[in-house]
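Undergrad:
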Amino acid sequence: MPIVTPDICDDYPEVLVVEPGFRNYGAIKAFGGEIVTVKCFEDNSVVKEQVAQPGNGRVMVVDGGGSRRAALLGDMLAEQAASNGWAGLVINGCIRDVDVIGETALGVQALATHPRKTEKRGVGDLNVPVTFGGVTFHPGHYVYADNNGIVVSEKELALG
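According to the numbering used here, the sequence shown is numbered sequentially starting from 17.
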């Protein structure tokens, strides 16, 4: 079933719409699933731990505080996420290795790119509500994204 966020907004006016500013980087341009959240700042240790876990079609929503000083996702973590069944990642921050990520079977939306990786200090929170783009993302809710934008729903939506 195709994910088309304008159609979702028409069919489900109660969904929350994330403010513009995110760009699609992954090979999968439309993706969605149950939300898993990570809150971190210039340290992708928790992201690295989570992509190693079975994704089961979920979407990792990463609140990196909007930092544009380091990348929270690179090609190796993206490939691991795709291999482990994650539908995608929405990152309030930067990514790197965009040419490889653009060929990886994974949905990835982020604010920008940055060539520097983060330091690994083991700092970050898993499955806590995170707020950015005018929306609060709750673990267990659902997110849907495409080239038009990102929408959030408290429940899984019947699409198609």
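For each residue, glycine too, the CB sits at the ideal point set by N, CA and C.
In the DSSP assignment, the alpha helix (DSSP H) including T21 goes from what residue to what residue?
TA: To locate residue 21, count along the sequence shown from 1; it is residue 5. Start and end: 21-27.
Undergrad: Which class does V144 belong to by DSSP, given the choice of helix, strand or coil?
TA: Position 128 of the sequence shown holds residue 144. Reduced to three states, the DSSP call for V144 is coil.
Undergrad: Opposite Q125 in the DSSP bridges: which residues?
TA: As a working mapping, residue 125 is identified with position 109 in the sequence shown. N40, V106.
Undergrad: If I'm right that V78 touches V63 with Cβ under 8 Å, what's the distance once you round it to whole angstroms?
TA: Taking the sequence shown and counting its residues from 1, the one referred to as residue 78 is at position 62. Taking the sequence shown and counting its residues from 1, the one referred to as residue 63 is at position 47. So it is a contact: roughly 6 Å between Cβ atoms.
Undergrad: Cα-Cα, which of G118, L93, L105, G37 is closest to G149?
TA: Counting from one through the sequence shown, the residue named residue 149 turns up at place 133. Considering only alpha carbons, the answer is G37.
Undergrad: Comparing alpha-carbon positions, which option in C25, W102, M92 lies nearest I51?
TA: Here residue 51 is taken as the residue at index 35 of the sequence shown, counted from 1. Checked all of C25, W102, M92; the closest Cα to I51 is W102.
Undergrad: Pick from N108, V124, Y160, D141: whose alpha carbon is nearest that of S61?
TA: Counting from 1 along the sequence shown, the entry for residue 61 is found at position 45. The shortest Cα separation from S61 among N108, V124, Y160, D141 belongs to D141.
Undergrad: For a test of the three-state rule: what should DSSP assign to E50, helix, strand or coil?
TA: Within the sequence shown, the letter at position 34 stands for residue 50. DSSP places E50 in strand when its eight states are reduced to three.
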